[in-house]
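Working notes, beginning with the structure itself.
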């Protein structure tokens with residue numbers, strides 16, 4: 001009997017997670033010896049639990065090809081964490097029933113830290129419940145916070161988008177600052193790890209260029225130091241561009257975004273970080289301030305994807321299948337940097353126990369001593385990840401994002 | 001003696017205002033008969049008032065060329081409105097002194113409605129203060145709200161950026177909605193005119209595609225109807241993408257955003273619509289909601305400029321000089337649509353009195369009867385404006401935005 005496989009997408013999606021799906025599909029078609037079927041779980045592990053599977057072999061090749069340039073998770077994703085085998089045995093039995101029914105021998109889970117944990121748990125079914133499965137985790141997260149791997153697929157494209165956006169908004173602000181707005185704040189994703197905020201520093205190609213201040217969740221936010229620094233930058237440069245991670249905290253451990261803004265009716269408003277900072281700047285420094293919040297735009301901006309990111313997303317998918325067919329279980333293909341100039345990298349394999357639930361934050365030696373910018377070492381790390389443009393095809397002035405599965 | 005000219009940029013900048021500058025420069029170099037000098041006023045009319053001029057002929061051609069792909073206003077812009085001749089005669093005498101000193105015969109002002117008014121006032125110096133000057137207004141505004149012209153340079157590129165962003169964020173939301181976020185809101189610019197919000201509808205390439213709701217400043221905002229519509233969309237589609245103009249108002253005439261942030265002077269600041277709407281959705285409908293605010297990112301996104309927009313921005317600059325040298329005064333080159341398919345247009349000339357201080361809003365017959373989306377007629381109008389990609393050159397993974405004047 002043929003041994004089949006399931007691929008599923010999990011957690012917050014990226015602009016290149018579908019490229020990993022394509023890597024899995026192509027590797028499966030090229031490498032699997034017994035002509036088994038590759039299924040996709042609809043909406044991540046939920047599609048597996050509910051036996052809601054898509055037979056990928058039934059999708060025409062010209063549709064499959066579109067995975068390469070379509071952002072979001074075309075098979076659907078989910079935020080759902082399996083508990084451990086002991087407390088949720090029924091859930092695992094449900095899984096095994098579906099695996100049995102479709103004779104699934106391989107499970108490829110495409111996600112971040114939480115999904116690595118889910119994948120690890122599925123891999124344990126082999127030993128603990130005596131169902132033979134190879135579970136492989138395909139890394140993906142815009143947060144760039146997975147351990148072991150040099151960087152995470154999805155991140156390079158966000159970095160390219162954020163750095164480009166800061167260059168553009170910085171030039172806009174520079175044009176206007178003589179009589180109008182003096183401060184611009186961009187809020188970016190990153191609740192615990194500040195990699196995305198750090199990547200804005202790539203926009204710094206000339207002296208006095210934006211961003212002038214970068215606020216990382218790795219550093220305590222001090223409003224007085226922040227405002228002083230803004231005044232200093234305005235005195236020197238005439239305007240100030242700030243990039244803030246959504247996850248910055250005060251010294252008491254409270255998220256800045258949890259601060260309360262009271263509206264005209266006296267109701268407490270949920271402020272985003274950018275709102276809070278903008279209000280600080282306008283009330284305390286009396287400066288005109290604009291702010292933007294990138295939110296989903298940053299992680300879905302396939303129109304500005306990095307070629308390096310696209311290639312790496314493909315390779316981790318491809319190698320995931322390769323490792324599984326070689327008999328590996330509970331591992332993750334990861335990106336190993338060989339050199340900076342020229343940028344060289346390769347795919348290697350790591351045990352999931354070294355990745356699941358762990359988190360790689362921006363290290364101290366990448367952060368400026370005043371804690372409001374990053375160091376050159378961080379830039380050297382970031383630079384290769386945004387290299388190359390990989391534009392989607394355009395039809396009538398818009399990207400061809402017509403893939404719906 | 002040579003007759004010289006001044007070009008200046010005014011008001012909020014765009015991703016292609018520098019392309020109009022290039023059109024002015026090239027036309028001046030090609031068409032002006034007496035080899036006069038073209039100056040740029042630094043920071044708009046302020047540079048003229050303060051005799052802070054840049055001699056454009058001194059800038060090397062390989063630097064000038066970069067105007068074509070650099071967003072923001074490279075000569076600096078300003079928000080400064082001249083009062084009329086009677087109340088501010090001294091200011092005008094200051095202007096004339098600078099004109100005299102540099103023997104300026106032509107003034108090219110690149111801006112929106114307010115700048116058209118400033119340009120009109122400068123043009124009146126000829127008659128009222130007996131200084132011979134030809135003042136030409138070069139249109140530019142992302143708001144697309146100038147009268148007479150079919151569309152405004154700067155707008156097409158914003159429209160392309162917003163429609164692309166909504167496609168991308170829409171696919172992201174679609175992936176996540178089974179277990180996580182159900183509503184996504186994007187706040188866009190547009191205080192009085194909803195053209196930018198309307199342009200998001202271009203993302204609607206397939207049934208049930210985002211955006212599902214568009215809130216225009218032309219229509220009264222009713223929170224109950226809004227929430228009902230969201231529920232309806234969620235029931236049908238599973239998720240809901242909303243695009244909201246910053247300038248939407250309640251039936252009592254108050255800006256929706258005014259309930260959020262009050263600045264140091266006690267002035268309400270626009271830019272909080274998304275927060276208010278997101279809070280409505282999460283508290284009244286108990287749905288997980290994400291929101292983004294594009295702010296300066298939308299109007300400076302040169303990396304995703306429309307080719308049509310770039311070409312039109314160039315032409316209005318070029319024709320501005322042509323009209324001036326033909327002896328015209330107090331006019332504006334504008335874009336006249338000849339046909340939709342194929343899209344054809346030409347440049348014509350209109351008297352500034354028909355443009356200054358006036359505003360073109362989205363007309364009723366472009367708006368859906370439920371006032372929460374636009375009609376096909378509006379799409380037909382918008383479609384040609386985003387055609388073609390005009391990518392800037394990239395260096396090391398980022399656009400070459402190294403122009404500093």
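Chains as they are written, first to last, in the working numbering: chain Z, 1 to 405; chain F, 1 to 405. Even for Gly, the Cβ is constructed at its ideal location relative to N, Cα and C.
#1: Just to confirm, are residue 172 (chain Z) and residue 57 (chain F) a CB contact at a threshold of 7 Å?
#2: Note down the Cα distance separating residue 148 (chain Z) from residue 138 (chain Z), rounded to an integer number of angstroms.
#3: On a CA-only basis, which of F:236, F:166, F:376 is nearest residue 366 (chain F)? Give me that one, please.
#4: By how many angstroms is the C-alpha of residue 73 (chain F) removed from the C-alpha of residue 334 (chain F)?
#5: List the endpoints of the continuous alpha helix (DSSP H) containing residue 159 (chain Z).
#6: Taking residue 44 (chain Z) as the reference, which of Z:327, Z:321, Z:183, Z:10 has the closest Cα?
#7: Taking residue 336 (chain Z) and residue 346 (chain Z) to be in contact with their CB atoms under 8 Å, please state how far apart those CB atoms are, rounded to whole angstroms.
#8: Which residues does DSSP pair with residue 38 (chain Z) in a beta bridge?
#9: Any chance the stretch 85–97 of chain F sits against the stretch 61–69 of chain F, with 3 or more Cβ pairs inside 8 Å?
#10: Within its chain, find whatever has a CB closer than 6 Å to the CB of residue 105 (chain F); leave out the 5 residues flanking it on each side and keep chain order.
#11: Along the alpha helix (DSSP H) that carries residue 113 (chain F), what are the first and last residues, could you check?
#12: Could you compute how far the alpha carbon of residue 197 (chain Z) sits from the alpha carbon of residue 122 (chain F)?
#13: Between Z:135, Z:279, Z:234, Z:401, which lies nearest to residue 208 (chain Z) when the distance is taken from Cα to Cα?
#14: Residue 305 (chain Z) versus chain F: which residues are under 9 Å apart at the beta carbon?
#15: For the putative contact between residue 285 (chain F) and residue 227 (chain F), defined by C-beta atoms under 8 Å, what is the C-beta separation to the nearest angstrom?
#16: State yes or no: is the beta carbon of residue 212 (chain F) nearer than 7 Å to at least one beta carbon in chain Z?
#17: Measuring straight from C-alpha to C-alpha, what distance separates residue 312 (chain F) and residue 80 (chain Z)?
#18: Would you tell me roughly how many angstroms separate the C-alpha atoms of residue 127 (chain F) and residue 85 (chain F), rounded to the nearest one?
#19: Which of helix, strand or coil does DSSP assign to residue 193 (chain Z)?
#20: Check whether the Cβ atoms of residue 276 (chain Z) and residue 259 (chain Z) lie closer than 7 Å to each other.
#21: Assuming residue 334 (chain F) is part of the beta strand (DSSP E), what are its boundary residues?
#22: Within 10 angstroms of its Cβ, does residue 89 (chain Z) collect 16 or more other Cβ (buried), or is it exposed?
#23: Measure the C-alpha to C-alpha separation of residue 199 (chain Z) and residue 403 (chain Z) and round it to an integer number of angstroms.
#24: Tell me residue 134 (chain Z)'s beta-bridge partners as DSSP assigns them.
#25: One question on the structure: do residue 27 (chain Z) and residue 321 (chain Z) come within less than 7 Å of each other, judged by their Cβ atoms?
#26: Please state whether DSSP places residue 378 (chain F) in a helix, a strand or coil.
#27: Relative to chain Z, which residues along the stretch 64–81 of chain F have a C-beta separation below 9 Å, given in chain order?
#28: Under a three-way DSSP split, which group does residue 239 (chain F) fall into?
#29: Give the C-beta separation of residue 185 (chain Z) and residue 289 (chain Z) to the nearest angstrom, bearing in mind that I take them to be a contact with Cβ-Cβ under 8 Å.
#30: Since residue 99 (chain F) is in the alpha helix (DSSP H), which residue starts that stretch and which ends it?
#31: What does DSSP give as the partner residue(s) for residue 344 (chain F) in the beta ladder?
#32: Any beta carbon of chain Z sitting closer than 7 Å to that of residue 297 (chain F)?
#33: Among F:315, F:42, F:388, which residue has its Cα nearest to the Cα of residue 160 (chain F)?
#34: Should residue 339 (chain F) be labelled buried (16 or more other beta-carbon atoms within 10 Å of its own) or exposed?
#35: When you compare the CB of residue 189 (chain Z) with every CB in chain F, is at least one pair closer than 7 Å?
#36: Using a beta-carbon distance cut-off of less than 9 Å, what residues from the stretch 351–380 of chain Z approach chain F?
A quick look at the data gives this:
#1: no
#2: 13 Å
#3: F:376
#4: 20 Å
#5: 155–176
#6: Z:10
#7: 5 Å
#8: Z:5
#9: no
#10: 3
#11: 113–123
#12: 45 Å
#13: Z:234
#14: Those within 9 Å of residue 305 (chain Z) in chain F number zero; the least Cβ separation is about 11 Å.
#15: 6 Å
#16: no
#17: 50 Å
#18: 11 Å
#19: coil
#20: yes
#21: 331–339
#22: exposed
#23: 30 Å
#24: Z:106
#25: yes
#26: helix
#27: 70, 71, 72, 73, 74, 75, 76, 77, 78, 79, 80
#28: coil
#29: 7 Å
#30: 89–101
#31: F:339
#32: yes
#33: F:388
#34: exposed
#35: no
#36: none
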